[in-house]
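Participant:
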Amino acid sequence: QETDVDIVYTRGNYLENQGTVKIDCRGWSTNRESLLANILQDIATMCIWSKLIRRSLYTNHGIIIDEFGSYYEDYQSLSQLVYYSKTISCLDAYIYHYDRANPRSIVTNALHSMEIQRQGLRSIQSVSAFFQDKDPHYLEYIKVFKASFLLRYPQNIL
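Numbering (this note's numbering), first residue to last: 36 to 193.
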């Protein structure tokens, strides 16, 4: 069935050394404002690989990702994509299978890398800059994520 939906999110699986893990759509909602709040606070699962996104969201709004890193790019892109979206839908099925069993995978090793942590902080700053001239409550959500991020990685990553 054809619909006029900007973003479709699905459930997914990923394979780890311990076996397959099911990914729920934690924090995802078809309500744009609720979803945006959850993404900005890092409550929603931010993996972009289980989403179908209308191409015009990228092209009409000039959404590009800063080139300084690749691990937290989903935070940058999803926050902007959801901000500009009009309609969001859920396909309640596990249709994506992601293999994280590779020991050299960036996702597997990301949390142990100071450079990846720096990329995360720069992504938070980039998203904050995007929302600077938007409704102030968005910046409050971003502050929640930044505070939890800095608590999670107490090393001096600045």
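From the three backbone atoms N, C-alpha and C, an ideal C-beta is built for every residue, glycine too.
Note that the coordinates shown come from a computational prediction; the quantities given were computed from them, not determined experimentally.
I believe I123 touches L70 by the beta-carbon criterion, under 8 angstroms. Please report the beta-carbon distance rounded to the nearest angstrom.
Facilitator: Working through the sequence shown from its first residue, we reach residue 123 at position 88. Working through the sequence shown from its first residue, we reach residue 70 at position 35. Between L70 and I123 the Cβ distance is about 6 angstroms, and since that is below 8 angstroms, they are a contact.
Participant: Which parts of the region 83-134 are runs of the alpha helix (DSSP H), unbroken and 4 residues or longer, counting only runs that do not cross its ends?
Facilitator: Within the region 83-134, the complete alpha helix (DSSP H) runs of at least 4 residues are 90-96 and 108-119.
Participant: Quick one: give me the first and last residue of the alpha helix (DSSP H) that I74 is part of.
Facilitator: By 1-based counting over the sequence shown, the position of residue 74 is 39. I74 -> alpha helix (DSSP H) spans R67 to L75.
Participant: Which residue from V40, D39, T38 and Y44 puts its Cα closest to that of I130?
Facilitator: Locating residue 130 in the sequence shown gives position 95, counting from the first residue. Comparing Cα-Cα distances from I130 to each of V40, D39, T38 and Y44, the minimum goes to Y44.
Participant: Quick one: residues in its chain with C-beta nearer than 7 angstroms to the C-beta of R67, no 5 flanking neighbours on either side, listed in chain order?
Facilitator: Here the question's residue 67 lines up with position 32 in the sequence shown. Closer than 7 angstroms at the Cβ level, and outside the excluded window around R67, lie V117, S120 and I123.
Participant: Would you list the one or two residues that DSSP bridges to T80?
Facilitator: One-based indexing of the sequence shown puts residue 80 at position 45. Partner(s): none; T80 has no beta bridge.
Participant: From this set, L113, R89, S91 and R90, which residue's C-alpha is nearest I100's C-alpha?
Facilitator: Residue mapping note: residue 100 aligns to position 65 of the sequence shown, counting from 1. Nearest C-alpha to I100: L113.
Participant: Quick check on this structure: which residue in A182, D41, W63 and A72 has the alpha carbon closest to the alpha carbon of H172?
Facilitator: Here residue 172 corresponds to residue number 137 of the sequence shown, with the count starting at 1. For H172, the nearest C-alpha among the options comes from A72.
Participant: Run through DSSP, which three-state label would Y188 get?
Facilitator: Counted from its first residue, the sequence shown places residue 188 at position 153. Y188 falls in the coil class under three-state DSSP.
Participant: If you follow the alpha helix (DSSP H) that Q152 is in, where does it begin and where does it stop?
Facilitator: Looking up residue 152 in the sequence shown gives position 117. Where Q152 is concerned, the enclosing alpha helix (DSSP H) stretches over M149 to F165.
Participant: Quick one: residues in its chain with C-beta nearer than 7 angstroms to the C-beta of D39, no 5 flanking neighbours on either side, listed in chain order?
Facilitator: By one-based count along the sequence shown, residue 39 stands at place 4. Around D39: T122.
Participant: Where does D127 land, buried or exposed, given buried means 16+ other C-beta within 10 angstroms?
Facilitator: Counting from 1 along the sequence shown, the entry for residue 127 is found at position 92. That one is exposed.
Participant: Would L186 be called buried (16 or more neighbouring beta carbons within 10 Å of its own) or exposed?
Facilitator: As a first step, residue 186 must be located in the sequence shown, where it is residue number 151. L186 comes out exposed.
Participant: Could you check which residue in H96, C82, S64 and R46 has the C-alpha nearest to that of F165?
Facilitator: Stepping through the sequence shown from its first residue, residue 165 is reached at position 130. Ranking the options by Cα distance to F165, first place goes to H96.
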